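Below is one structure; the comments refer to it alone.
Chains as they are written, first to last, in the working numbering: chain A, 26 to 367; chain B, 4 to 362.
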C-alpha cells in the first residue's frame with residue numbers, strides 16, 4: 026500500500042511569525058512525507074505547530090507576517106515557490122482541508138447545497154445545475170439522508186455531525202489527492218465522532234487519497250492513523266508507524282502523553298502528568314525543547330539538540346537517551362503502568 | 004444556617020449530602036415579536052440521584068443531555084420547574100435567594116472555560132478573595148489567599164498578577180482556589196478539564212483528587228469525556244435527553260453497562276489497542292442524531308436510535324429505572340445481558356418481547 030512514491034513531501038519546513046513581541050518559532054525544521062492510502066496522524070498540544078504546518082501546506086499563511094522556509098513537494102512541484110494563481114489550482118482541487126468548527130466554515134445565509142456547488146464551479150467550468158447535481162451527489166456520498174432535499178437547507182438546520190459531513194463533501198468536490206483534517210471531531214460528541222472518523226476512513230479508501238489528521242487526542246490517532254508524528258514546540262519528537270507509538274514509544278514526551286491520558290479500560294492509581302507547561306516559542310529553550318519538563322534529562326539535553334534520527338528496528342526519534350536505556354524505561358515503567366502487553 | 008435546618012441525622016454527617024428527587028427543568032422557547040411561548044425544552048426530566056459525602060458522582064452524556072442544567076439546579080443557579088433538591092437533608096428547592104446565601108458557602112462550582120470565568124480586570128488576589136468579601140468572613144484575607152494559591156500549586160507571588168498572564172491550566176487552578184476559599188462541602192465541577200491539553204488535564208485531575216482527600220470534599224463532576232469520568236468518579240450517572248438512563252458504581256458500569264446507550268457510548272470511544280487480548284471490541288455505531296429536547300420521543304427517549312428497539316413496547320411504555328446487582332440501575336426494557344457484545348448480538352435482545360412480558 027505504501028510502496029509508491031510519496032504524494033506529498035515536506036522538507037525542512039520552518040515557519041516564523043514576526044510579532045510585536047518578537048519572532049515566534051512556530052515550526053522548526055520539520056520533514057515528513059505522505060503516501061497514497063496513508064493516514065498521517067499529527068499529534069501535539071496547543072501551540073505545538075501542528076495547525077501551522079497544515080496552513081503552510083495549504084499556502085494559507087499570510088506571507089506579510091510569516092516567514093516560511095523549506096520545501097513542500099507535491100507532484101514534483103514545490104508549493105512554496107508556486108505563483109499564487111497556480112497555488113490556487115492546487116488548493117481545493119488537489120489538496121483540500123476540513124476544519125474543527127464546521128459551523129464557522131459554512132456561510133449561514135446560503136443553502137448548504139449552493140455552497141458546495143460554488144466550490145464545484147470554483148475549479149470547473151460547469152453549469153449551475155450540473156454543479157448543484159454534483160453537490161447533491163456528494164452530500165449523499167457522505168451519508169446525508171435524503172440529500173436532494175437536505176441540500177436546500179441552511180447550515181443552522183444541520184446538526185454538528187451533518188455540518189462536518191457537508192464540509193467533507195465540499196472537500197471532496199474535485200477528487201483531491203490529499204485531505205487535511207484539522208481536529209475534525211473535536212467539537213463533536215463521541216457517538217458522532219465515531220461516525221465522522223469512519224467516514225474519513227471510508228473516503229480515504231474509496232478515493233485512494235492520503236490523509237493528514239491533526240488532533241490532540243491519542244485515541245483518535247490510535248483508531249485512524251497508519252503513521253504518527255508527535256510534535257512539541259514546533260518540532261517532530263517522534264515519527265513512526267501508529268502501532269509502534271502505542272506499543273513501543275521511544276520519546277519521553279510521547280511517554281508523558283500516554284501516561285497522562287486517562288483510559289476507559291480502568292481507573293489508574295494516579296495519572297502521571299507532565300509537569301510544567303509548554304515553552305514560549307518566542308524564546309524556545311536551548312537544546313532539546315522538551316528538556317525543562319523531561320523526567321529523564323541528563324547532561325547534553327540542555328545545550329545540544331537531539332536530531333530526529335532513525336532508531337534500530339523502528340521509527341524516528343529525537344532524544345539523547347540511548348536505545349537500550351529507552352527500551353528499559355519503556356518496558357519497566359511505562360508499559361507496565363499502561364498495561365501494554367503487545 | 005438556621006438552627007432548624009435539616010434533620011439532626013443529616014447534619015451530623017449521615018445520609019447523603021445531596022439528594023435530587025424527580026427533579027425537572029423546562030425552558031420555554033419564545034418566538035416572535037410578542038415572545039409567545041412556542042414550546043418547551045425538556046432539559047431535565049424526572050431526575051433522582053443521591054450523592055454521598057466524600058464521594059464523586061460523575062455525570063456523563065452528550066451535548067444537550069441536561070448534565071450542566073442538572074449541575075446548575077443543584078447549586079440553585081437556576082430554578083427547578085418541579086421536584087426536590089435536598090442538601091444535608093434539608094429541602095432547598097424553594098428557598099429564596101436571601102436565605103440561600105449561607106448555603107452558598109457550602110457549595111461551589113468550577114467552570115469549563117478558565118478564560119471567561121475569571122474577571123480580566125481583577126487581580127488574582129481580588130478574584131480569590133471575592134468570596135470572603137461577599138460573605139464578610141476572614142480577617143487576614145491576603146494571607147489566606149496566599150495559602151490557597153500555594154495549595155493549588157501556584158506561587159503566592161502571583162497575588163497581584165492578572166488572569167491574562169496565566170496559561171489555561173494555571174487559570175483553572177485559580178478557579179479551583181476560588182472555589183475552595185470558603186471551605187465548601189460540595190464542589191460542582193462542570194467540564195473542568197475539557198479546555199485543557201492532556202498533560203495539563205492530568206495535573207488538574209490529580210489536584211482535585213488530592214484536595215478531595217484532604218478536605219473530604221464531595222464532587223459532582225460533569226464531563227462528556229468517558230475516560231476522564233472513569234478516572235475521577237466513584238459512581239456515575241449517564242444522561243440522555245434530560246433523563247438518567249443508567250446509574251451505578253464506576254467499576255460496574257464500565258465493566259458491564261446495562262443500558263444500550265451506555266454500551267454504545269463506551270464502544271464509541273476511540274482508544275489505543277495496547278492490550279492484545281481485548282481484540283473482541285467492536286464499535287456500536289448509533290444512527291442519526293440526538294432528537295430535539297423540545298419534542299422528545301414518546302416512552303423510552305432512546306428508542307429512535309436504539310439497536311435493541313422493539314416496536315410496540317419501547318415506543319409505548321416508558322421504562323423505569325430497574326435495579327441490577329451491586330446497586331446498578333438502568334432504565335431499559337431489554338438491558339444488555341453481558342459485555343462486551345458485538346453489534347449483531349446487541350441487536351438481538353435475549354428472549355425478545357414475549358419473554359419480557361413475564362417479568
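Glycine is no exception: its CB is placed at the ideal position from the N, C-alpha and C atoms. This one's a predicted model, so the numbers in the text were calculated from it and none came from an experiment.
| Item | Value |
| --- | --- |
| Helix, strand or coil at residue 227 of chain B according to DSSP, with G and I counted as helix | coil |
| Chain B within 7 Å of residue 299 of chain A, Cβ atoms only | yes |
| Under 7 Å by beta carbon: chain B residues contacting residue 186 of chain A | 292 |
| Chain B within 7 Å of residue 254 of chain A, Cβ atoms only | no |
| Closer than 9 Å at the beta carbon, the chain A residues around residue 269 of chain B | 289 |
| Min CB distance residue 205 of chain B to chain A below 7 Å | yes |
| Beta-carbon neighbours of residue 223 of chain A, restricted to chain B and to distances below 9 Å | 286, 288 |
| Contact with chain A by residue 209 of chain B, beta-carbon distance below 7 Å | yes |
| Residue range of the alpha helix (DSSP H) that includes residue 350 of chain A | 348 to 354 |
| As assigned by DSSP and simplified to three states, the class of residue 41 of chain B | strand |
| N-terminal and C-terminal residue of the beta strand (DSSP E) that residue 122 of chain A is part of | 120 to 123 |
| Nearest neighbour of residue 195 of chain A, chosen from A/120, A/290, A/259, A/331 [CA to CA] | A/120 |
| Collapsed DSSP secondary structure at residue 300 of chain A in the structure displayed | coil |
| Helix, strand or coil at residue 241 of chain B according to DSSP, with G and I counted as helix | strand |
| Chain-ordered residues of the stretch 231 to 261 of chain B with a beta carbon less than 9 Å from chain A | 231, 232, 233, 234, 235, 236, 253, 254, 257 |
| Interface flag, residue 67 of chain A vs chain B, CB-CB below 7 Å | no |
| Distance, residue 326 of chain B Cα to residue 42 of chain B Cα | 34 Å |
| Secondary structure of residue 118 of chain B, DSSP reduced to three states | coil |
| The stretch 165 to 193 of chain B: positions lying closer than 9 Å to chain A by Cβ | 170, 171, 172, 173 |
| C-alpha gap between residue 349 of chain B and residue 41 of chain A, whole angstroms | 53 Å |
| Proximal chain B residues relative to residue 281 of chain A, where beta-carbon distance stays under 8 Å | 202 |
| Any C-beta of chain A under 7 Å from that of residue 152 of chain B | no |
| Residue burial classification, residue 73 of chain B (beta-carbon count within 10 angstroms, cutoff 16) | buried |
| 7 Å Cβ cutoff, residue 244 of chain A in contact with chain B | yes |
| Distance CB(residue 352 of chain B)-CB(residue 311 of chain B) smaller than 7 Å | yes |
| DSSP three-state assignment for residue 128 of chain B, whether helix, strand or coil | helix |
| Rounded straight-line distance, which links the Cα of residue 127 of chain B to that of residue 267 of chain B | 43 Å |
| Contacts around residue 301 of chain B, its chain only, beta-carbon distance under 7 Å, and the 5 residues preceding and following it disregarded | 318 |
| Proximity test, Cβ basis, 7 Å: residue 229 of chain B and chain A | yes |
| Runs of beta strand (DSSP E) lying entirely within the stretch 75 to 149 of chain A, each at least 3 residues, in chain order | 91 to 99, 120 to 123 |
| Assigned secondary structure, residue 54 of chain A (DSSP; H/G/I helix, E/B strand, else coil) | strand |
| For residue 151 of chain A and residue 198 of chain A, believed in contact at Cβ under 8 Å, the rounded distance | That belief does not hold up - the Cβ atoms of residue 198 of chain A and residue 151 of chain A are roughly 11 Å apart, past 8 Å. |
| From A/230, A/138, A/35, A/154, residue whose alpha carbon lies closest to that of residue 165 of chain A | A/138 |
| Cβ neighbours of residue 266 of chain A in the same chain (closer than 8 Å, five flanking residues each side left out) | 251, 252, 253, 340 |
| Limits of the alpha helix (DSSP H) - the one that residue 265 of chain B falls within | 263 to 271 |
| Unbroken stretches of the alpha helix (DSSP H), 4 residues or longer, contained in the stretch 281 to 330 of chain A | none |
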